[in-house]
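Enquirer: With UniProt numbering as the guide, the letters of the sequence shown map in order to residues 1 to 308.
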Amino acid sequence: MLSFLPGPVLFAISSILLFINTILWASLISIGGFIKLILPIKFLRLGLAKIMNRFMWCWVVCNGGILALISKMEWQVEGMENLKQDGWYLIISNHLSGFDIAAQTYLLRNQIPMLKFFLKKELLYVPIMGLGCWALDMPFMNRTSPAKLRKNPKLKGKDLIATRKACARFKDLPTSIINYVEGSRFTEEKRLRQQSPYQHLLRPKAGGIAFTLSAMGEQFTNLLNITLVYPDASPDEDILFGVMSGKVRKVIMKVELLPVPQVDATAYFSQADYRVDFQRWLNEIWAEKDAQINGIMQAYNNNQSPKA
């Protein structure tokens, strides 16, 4: 609708609208969190949790409306046929930009439960947002550093116990947890620094997903392997800025439904061979993902090339 406006104007409009939208729904979710805190009966707390998840759904839908206002975005999605809103999913995905979360929550909003994220404990103190995430029962983690573990071996295993405790509430409510296993947004500079064997991806890190599976693997019904591509994004420009400026107008997301791998927590954290095998499994998925992205980009570029 407003896509005819200059990019800087679109960016300003979208920034203001997204800020207002986020503050509105995060405030409502935070109020609900305080109410849930004092409710004495479990089924009432569970009912309120469902309402707050619906608030998050409203935030996601409004984000999509704002995007439709500023851009003629084209969404291309494959692989969502067998997803269920009453399932428990662990999601792994490549990570390209600050827009990834907004894109994935929007595209999956009616297919699976609202996405949850493992967050650093420090984010709890971010005004409005931290409180909203806490109210949505997103687990805040305080990982023990390797240096602290060397100084005090008794701390070993406490992170896993804390994670299980944080995730215990998910047993009563269908949940989707997403893990960006590369640990950072992709840039060509990072890829070269890592000496990544992939053309479009950073090296995946198995520790986070193994940690999650060790804590609550029995709860998940499926593993979702998501591949996200912005084929018309300039490699020299921030994707989020490009979306909010109306320049990035195509998002491709492919979803692969996989069985949940079993992880023996004791073996993973004590046996190097076990960790190597698990990392090899993840590397194979990443090699297939890289080939898939390469195919997507080649097909897109061929379609954009002038016909002879």
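C-beta atoms are modelled at their ideal positions from N, C-alpha and C, and glycine is treated no differently.
Small disclaimer: the values here were computed from a predicted structure and weren't measured.
Can you give me the C-alpha to C-alpha distance between P139 and G246, rounded to a whole angstrom?
Expert: Approximately 34 Å between the Cα atoms of the pair.
Enquirer: Whole angstroms are fine: how far does the CA of N294 sit from the CA of A308?
Expert: Note that A308 scores a pLDDT of 43, beneath 50, so its modelled location is shaky; the value from the coordinates is reported in the next line. So the alpha carbons of these two residues sit roughly 24 Å apart.
Enquirer: With a CB to CB cut of under 7 Å and the five nearest residues on each side skipped, what residues in its chain are close to N82?
Expert: Counting only Cβ-Cβ distances below 7 Å, and skipping sequence neighbours, we find L257.
Enquirer: Kindly indicate which residue of S15, K151, I252 and A265 has the alpha-carbon position closest to the one of F211.
Expert: Minimum Cα distance to F211 is reached at A265.
Enquirer: Answer with buried or exposed for D100, where buried requires no fewer than 16 other C-beta atoms within 10 angstroms of its C-beta.
Expert: Classification of D100: buried, given that the 10 Å Cβ count is 16 or more.
Enquirer: Who does T227 pair with in a DSSP beta bridge?
Expert: K254.
Enquirer: Smallest Cα separation from N94: which of K120, E74, L224 and T22?
Expert: Of K120, E74, L224 and T22, the residue nearest in Cα terms is L224.
Enquirer: Buried or exposed for R109, please, with buried defined as at least 16 other CB atoms from any protein chain shown within 10 angstroms of its CB.
Expert: It counts as buried.
Enquirer: Grouping DSSP H, G and I as helix and E and B as strand, with all else coil, what is E237?
Expert: If DSSP states are grouped into helix, strand and coil, E237 belongs with coil.
Enquirer: From R249 to Y268, what does the alpha carbon distance come to, in whole angstroms?
Expert: Whole-angstrom Cα-Cα distance: 42 Å.
Enquirer: Count the CB pairs spanning the stretch 274 to 281 and the stretch 36 to 48 that are closer than 8 Å, and state whether there are at least three.
Expert: Verdict: no, contact absent.
Enquirer: Return the residue from the list L228, V255, S3 and T175 that minimises the CA-CA distance to G217.
Expert: Ranking L228, V255, S3 and T175 by Cα distance to G217 puts T175 first.
Enquirer: Bridge partners of V77, per DSSP?
Expert: Paired residue(s): M253.
Enquirer: At the level of alpha carbons, what is the spacing between I252 and D273?
Expert: Between I252 and D273, the C-alpha separation is close to 36 Å.
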